[in-house]
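**Q**
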Amino acid sequence: MGDAVATAEMLWIALLGVTSGLMIGCIGIGGVILVPGLVFLAGIPIRISISAAVAAYILSGMVATVVFARQKSIRWDMAAWLCVGATPAAFAGAWAVSIVAPLVLEMCLGLLTLLSGLNSLRRQGADTLVPAASRKGLLIIGAGTGFLSSLTGTGGPLVLVPILISMRFPVLTAVGLSQPIQLPVAIAATAGNLIYGRLDLVLAGILAATLTIGSWSGARLAHIIPGALLRRIVSVVLVLIGIAVLGNVGWQLSG
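Numbered by this note's numbering, the letters in the sequence shown go through residues 131 to 385 in order.
1) Excluding the 5 residues flanking L242 on each side, which residues of the same chain have their C-beta closer than 6 Å to its C-beta?
2) Going by CA-CA distance only, name the one from L168, A199, F198 that's closest to A334.
3) Between which two residues does the alpha helix (DSSP H) carrying A318 extend?
4) Here's a check: name, in chain order, each residue in its chain whose Cβ is nearer than 6 Å to the Cβ of S190, leaving out the five neighbours to either side.
5) Does DSSP classify S264 as helix, strand or coil?
6) With L245 and L307 assumed to form a contact (beta carbons below 8 Å), what rounded beta-carbon distance in angstroms separates them?
7) Taking the CB atoms as reference points, tell me whether V289 and L278 lie closer together than 8 Å.
8) Return the residue from the list G247, G322, A186 that minimises the CA-CA distance to G223.
9) For a quick check, are the C-beta atoms of P287 and I188 less than 8 Å apart?
10) Hey, could you find the ends of the alpha helix (DSSP H) F170 is sitting in?
11) What residue does the alpha helix (DSSP H) around I188 start on, and which one ends it?
12) Helix, strand or coil for T303 per DSSP?
13) Return the chain-ordered list of same chain residues with a C-beta closer than 8 Å to the C-beta of T149, the five sequence neighbours on each side being excluded.
14) Between V366 and the rest of its own chain, which residues show a CB-CB distance below 8 Å, the 5 nearest in sequence each way excluded?
15) Might you give, ordered along the chain, the residues of its own chain that have their beta carbon closer than 7 Å to the beta carbon of V81, omitting 5 neighbours on each side?
16) The alpha helix (DSSP H) spanning Q382 covers which residue range?
Take a look at the structure:
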């Protein structure tokens, strides 16, 4: 990227960062638009886009976590085990980026997102009680989240929120748990990318700044929107993103 970045590309990157951060902070889902946007709108190679996006989640995830923590919207007893499972898996995902085409995993991610959204839309009312989850279960969920997030450059929330919603977690709890998991995932994946791949520090810095602005605003907005409306918004966005991800997979298969 460096000095050759055109002004139009900079504006696209900044807009993508703010929009994605706003969605991540508010509904836990937004990283899915970042990497495709960098590739198709800014013309940045996919592997460079993934590594820069993942590195940028360190700062934005930290800011969103602070906002949710101040509102006491994070179950730290669960978040800790999710993070323990996610950290080594995220490092493995960064290694996989360098050797694996993630088409099948993208398809699984799209199906999970779509079905979770449809399932949430079908249910009446909003879940208010946090279901019980074993430490082993949280470790497994964390590992799956870390690996898929690192491999696709989407950040932890996109993978984790649909899983927790399908387990009938209240939406604010699910979004709250998805914020701190960004940190170990992003740190481990960035370490892996530095070893196995390439990291564009200029691009990562721009994304970190714009994602942080969006995440801070979105995290505050999440605590203003009524719970039932927030669930409806998350459900609709899950369905739309699931369709978009599967459509992208189909486009790649037909190309």
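Cβ coordinates follow ideal geometry from the N, Cα and C atoms, glycine included.
Source: prediction; values computed, not measured.
**A** Well, looking at it:
1) For this step, residue 242 is matched to residue 112 along the sequence shown. Around L242: P292.
2) Position 204 of the sequence shown, counted from the first residue, corresponds to residue 334. Nearest option by C-alpha distance: L168.
3) In the sequence shown, the residue the question calls residue 318 occupies position 188. Element bounds for A318: 312-326.
4) Numbered from its first residue, the sequence shown carries residue 190 at position 60. Contacts found: G151, L341, T342, S345.
5) As a first step, residue 264 must be located in the sequence shown, where it is residue number 134. Coil at S264, not helix or strand.
6) Here residue 245 refers to the residue found at position 115 when the sequence shown is read from its first residue. Here residue 307 refers to the residue found at position 177 when the sequence shown is read from its first residue. Incorrect: roughly 20 Å between the Cβ atoms, too far for contact.
7) Taking the sequence shown and counting its residues from 1, the one referred to as residue 289 is at position 159. Taking the sequence shown and counting its residues from 1, the one referred to as residue 278 is at position 148. Going by C-beta atoms, V289 is nearer than 8 Å to L278.
8) As a first step, residue 223 must be located in the sequence shown, where it is residue number 93. For the residues G247, G322, A186, the minimum Cα distance to G223 belongs to G322.
9) The residue you call residue 287 lines up with position 157 of the sequence shown. The residue you call residue 188 lines up with position 58 of the sequence shown. Going by C-beta atoms, P287 is not nearer than 8 Å to I188.
10) Walking along the sequence shown from the start, residue 170 turns up at place 40. Unbroken alpha helix (DSSP H) run through F170: 161-170.
11) Here residue 188 refers to the residue found at position 58 of the sequence shown. Unbroken alpha helix (DSSP H) run through I188: 176-200.
12) Start at 1 with the first residue of the sequence shown, and residue 303 comes out as number 173. T303 carries a helical assignment under DSSP once its states are collapsed to helix, strand and coil.
13) Here the question's residue 149 lines up with position 19 in the sequence shown. For T149, where only same-chain residues beyond five positions count, the Cβ hits under 8 Å are G160, I163, G344.
14) Translated into the one-based positions of the sequence shown, residue 366 becomes position 236. Once the five neighbours on either side are set aside, the close Cβ partners of V366 are G247, L251.
15) Here the chain comprises residues numbered 131 to 385, so residue 81 is not present and cannot be evaluated.
16) One-based indexing of the sequence shown puts residue 382 at position 252. Where Q382 is concerned, the enclosing alpha helix (DSSP H) stretches over 357-384.
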